[in-house]
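Chains as they are written, first to last, in the numbering used here: chain F, 5 to 309; chain S, 4 to 340. Don't be surprised by glycine CBs; every beta carbon is placed ideally from N, CA and C. This one's a predicted model, so the numbers in the text were calculated from it and none came from an experiment. As structure tokens, the structure follows; a few thoughts come after it.
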Amino acid sequence: MLVYALKRTFVAFLILIVVSGLTFSLSHLSTDPALTIGGENASDEDIEAIRILYGFDRPVYEQYFSWLGRALQGDFGESYHYKAPVVEMISGRIGTTMTLGVAAILFALIVSIPLGTVAAMRPNSLIDRFALLIAVLGQALPTFWFALMMIIVFGVWWRWLPISGNTTWAHFVMPTIALGYYATPALMRLTRAGMIEVLASDYIRTARAKGLSPTSILFKHALRNAIIPVVALAAVWFGFMLGGSIVIETIFNLKGIGWLSYDALLRSDLPVVQAIVLIFASFYVVLTLSADLLNAYLDPRISVR
Amino acid sequence: MSGDNILEVQNLKVDIPVTAGMLHPVRGVSFTVARGETLCIVGESGCGKSLTSLALMGLLPKTAIRTADRMDFLGQDIRDFKERRMAALRGVKMAMIFQEPMTSLNPAYTIGNQLMEVYRRHISKNGSEARARAIFLLEKVGISAAASRLSQYPHQLSGGLRQRVMIAMSLMCGPDLIIADEPTTALDVTIQAQILHLLAELQDEFEMGMILITHDLGVVARVADQVQVMYAGTTVEEGPCQAVFDNPLHPYTAGLLRCIPVPGKAKRGSKLGSVPGIVPNLVGDLQGCMFRNRCAHASSICETLSGEPTRIDDGHAFTCRLTPEEAAKTAAVQGVA
């Protein structure tokens, strides 16, 4: 297990290096930042001056290493547009995005795992059909439409919840449900499929033949094995939620990272884009690594392969 | 019936609704198991032998319907036992060993955990007591360094070792009845012999009744006291092991016995016997002897034959239109062929 963990960590580290290189070179290949910074009315001399000022005249690898070196020290440079340090711009917003992401994945798991389990225990029953309905709705309804409907019903008609901003926990209720519901169908279907397979397995029959209690059979013997593919998928969804909630952040006016990255992309604000991509790539890598380690703990056979 | 019987089953039936109608995989099976006795249920795939054992344990699929005129286990009528009461018997009074040692243990837990769990559920919550019992039984089933094995996972053990663990697990609570469903089928031939020997030894030592389900007549000959030959959900022949092997009466039993090579009797170069044909479909209303399509001695009577067995001496009985004398003669003729 320890060897496995070290191996996986090393691979994760390599992935991060590659991602950082790709991030840097892709954004530098796609546009000439000096033109963006200079704006429409800049003369050729202005552009040249900007190139020298920002160091764009140096070789790309040199620019990469100095960027990476500073990034490792927590300095992602200055926004071209806002002229503010990128770190400050991100740290002011990351709390909102994290809160939303964590709440949304928790919501998704709390809904999908029990629902998937109950559906698997009684396939084709009423509860199974109900779960299927929830899943189909979740997959079919666009997030923005669902979010708007919630705003109309709970925010405007009934006035239960605030519809905009991020000052109290109540502000996060609707965004959490809207974002979390999006991940629920996939997680629930996977839980159901895994559970049906595990419940038909030989070791569950053994557990029943041992006269174990239904709770022990379900939670100790079945769920642990059924949940393994769900863990991997949930990690991917979690990464997605941390980075990809632009629509939700816009609708509920939560000034988070998603909104910032959208803004930075529109303005070709490269330092901000690079920093955000690198941070979220790191999140993904860390999440995938954690999911792998959690799965290796859940199923000891994994670390042998 | 003797007071020593721990299990008495009469006219056990299992019906399963399927899209094509009603499937009748077990159609009226009766047997008894006495303490310290081994009953072997023999038959080919699909004859209902595994479902019979699952029916006893109350482990049938949810859709299956079980009926019986009698199902007494340790003097209790278990026919109407609800799941909760059956669960209180399973693992304690009746334990089961399955065919697939590779998949019958949960891959996520150590064998120690899985061994102790059944003891803690039924006997005592005391962890060190359970641990001591687990080590004792692992040693009993011939596993060396038992204490250190407790922390191993199933994937770290070979198939033979896993089956030994399964056997140890079935013995954790000191059951009165062990049901072993093809316990050696998935194992190497050399391991098979060891496991069978072990089962017989443990059964003797702990004075348990055992139902051994198998399609392997070689296994039967080695360990059975009583033999029950099943075909298409019914018993076609039953009796003491010696009597059935020496004097097989039902054409199906005789056919099965011809499939075993006997040293000294089977001639080099001559073909081994086989029973031609396949098991009939068991959906819908079934009438007469189900073996008639594969039987060399079938006649029109067989289509309406009732299931009543012809009884001869000391418990030996068979279900066929032939008289015992005719049957013995045809079996003998077949035996030479």
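What's the C-alpha gap between F/Trp263 and F/Ser70?
-> Rounded to whole angstroms, F/Trp263 to F/Ser70 spans 28 Å at the Cα level.
Can you check DSSP and say which residues form a bridge with S/Asp75?
-> Paired residue(s): S/Glu11 and S/Asp80.
Reducing DSSP to helix, strand and coil, say where S/Glu47 ends up.
-> DSSP, read as helix, strand or coil, puts S/Glu47 in coil.
Quickly, what does DSSP pair S/Tyr234 with across the bridge? List them, please.
-> Per DSSP, S/Thr237.
Pair every Cβ in the region 101-108 of chain S with every Cβ in the region 161-170 of chain S, then say whether three or more of these pairs are closer than 8 Å.
-> Yes, they touch.
Assign F/Glu82 to one of three DSSP states: helix, strand, or coil.
-> Residue state, collapsed to three classes: strand.
Using the C-alpha atoms, what's the distance from F/Gly105 back to F/Ile94?
-> The alpha-carbon atoms of F/Ile94 and F/Gly105 are separated by roughly 15 Å.
Local conformation of S/Asp18 per DSSP, three classes | S/Asp18: strand per DSSP, three-state reduction.
Report the residues of the region 20-50 of chain S with a CB closer than 8 Å to any CB of chain F, ordered along the chain.
-> Cβ contacts with chain F: none found.
Quick one: using the 10 Å Cβ neighbour count with 16 as the cut-off for buried, is F/Ala230 buried or exposed?
-> By the Cβ-count criterion, F/Ala230 is buried, with 16 or more other Cβ atoms from all chains shown falling within 10 Å of its own Cβ.
Please list the partners that S/Val95 has in chain F, where partner means a Cβ-to-Cβ separation under 8 Å.
-> Neighbours of S/Val95 on chain F, chain order: Gly215.
Range covered by the alpha helix (DSSP H) that runs through F/Ile250 = In this chain, the alpha helix (DSSP H) harbouring F/Ile250 covers Ile250 to Ile255.
Could you name the residues of chain S that F/Asp132 contacts, counting a contact when the two beta carbons are closer than 8 Å?
-> The premise fails here: F/Asp132 is roughly 14 Å from chain S at the closest Cβ pair, so nothing lies under 8 Å.
Inside the region 141-225 of chain S only - beta strand (DSSP E) runs reaching at least 3 residues = Considered as a whole, the region 141-225 of chain S harbours 180-184 and 212-217 as its complete beta strand (DSSP E) runs of no fewer than 3 residues, in chain order.
Out of S/Glu185, S/Ser173 and S/Ala58, which has the shortest C-alpha to C-alpha gap to S/Glu120?
-> The residue with the shortest Cα to Cα distance from S/Glu120 is S/Ser173.
What is the DSSP secondary structure of S/Met3, counted as helix, strand or coil?
-> This structure leaves residue 3 of chain S out entirely; chain S is present only between 4 and 340.
For S/Gly242, is the classification buried or exposed, using 16 other Cβ atoms within 10 angstroms of its Cβ as the cut-off for buried?
-> Label assigned to S/Gly242: buried.
Span separating the alpha-carbon of S/Arg295 from that of S/Ser309 | S/Arg295 and S/Ser309: Cα-Cα distance of roughly 13 Å.
Give a yes or no on whether the minimum CB-CB distance between F/Thr219 and chain S is below 7 Å.
-> Not one beta carbon of chain S lies nearer than 7 Å to the beta carbon of F/Thr219.
Under a CB-based cut-off of 7 Å, is F/Pro127 close to chain S?
-> Answer no: the Cβ-Cβ gap between F/Pro127 and chain S never drops below 7 Å.
Apply the 10 Å Cβ neighbour rule to S/Val339 and answer buried if 16 or more other Cβ atoms are within range, or exposed otherwise.
-> Residue placement at S/Val339 is flagged as unreliable, the pLDDT there being 41, under the threshold of 50; the coordinate-derived value follows with that caveat. So S/Val339 counts as exposed.
Of all Cβ atoms in chain S, is any one closer than 7 Å to the Cβ of F/Asp303?
-> F/Asp303 belongs to the set of residues whose beta carbon lies under 7 Å from a beta carbon in chain S.
With a Cβ-Cβ cutoff of 7 Å, do S/Arg134 and S/Leu141 count as a contact?
-> With respect to S/Leu141, S/Arg134 sits apart: the two C-beta atoms are not nearer than 7 Å.
Just to confirm, are S/Arg261 and S/Gly280 a CB contact at a threshold of 7 Å?
-> No; because the gap between Cβ atoms is not below 7 Å, this pair is not in contact.
Using the beta-carbon count (16 or more within 10 Å), is F/Gln143 buried or exposed?
-> F/Gln143 comes out exposed.
Could you have a look at S/Arg271 and say whether DSSP puts it in helix, strand or coil?
-> Reduced to three states, the DSSP call for S/Arg271 is coil.
DSSP three-state assignment for S/Gly24, whether helix, strand or coil = Strand, per DSSP.
With which residues is S/Met97 paired in a DSSP beta bridge?
-> Under the DSSP definition of a beta bridge, S/Met97 partners with S/Arg93 and S/Leu180.
Determine the chain S residues that contact F/Val308 at a beta-carbon separation under 8 Å, and present them in chain order.
-> Near F/Val308 (Cβ distances below 8 Å), the residues of chain S are His158.
Tell me the DSSP bridge mates of S/Ile68?
-> Bridge partners of S/Ile68: S/Asp18.
Enumerate in chain order the residues of its own chain whose CB-to-CB distance from S/Met211 is below 8 Å, with the five nearest sequence positions on each side excluded.
-> Apart from sequence neighbours up to five positions away, the residues of its chain that approach S/Met211 with a beta-carbon distance below 8 Å are Arg38, Gly39, Pro178, Asp179, Leu180, Ile181 and Leu205, ordered along the chain.
Distance between S/Thr187 and S/Leu164 (C-alpha atoms, nearest Å) = Cα to Cα, the separation comes out at about 12 Å.
List, in order along the chain, the chain S residues whose C-beta lies closer than 8 Å to that of F/Asn229?
-> Around F/Asn229, the beta-carbon contacts reaching into chain S at under 8 Å are Asn109, Pro110 and Ala111.
Establish whether the CB of F/His225 and some CB of chain S are separated by less than 7 Å.
-> Yes, its Cβ sits closer than 7 Å to a Cβ of chain S.
Measure from the alpha carbon of F/Ile181 to the alpha carbon of each residue in F/Leu18, F/Val160, F/Ile98 and F/Ile155, then state which is nearest.
-> Among F/Leu18, F/Val160, F/Ile98 and F/Ile155, the Cα nearest to that of F/Ile181 is on F/Ile155.
Spell out whether any CB of chain F is found under 7 Å from the CB atom of S/Ala133.
-> No, its Cβ sits nowhere closer than 7 Å to a Cβ of chain F.
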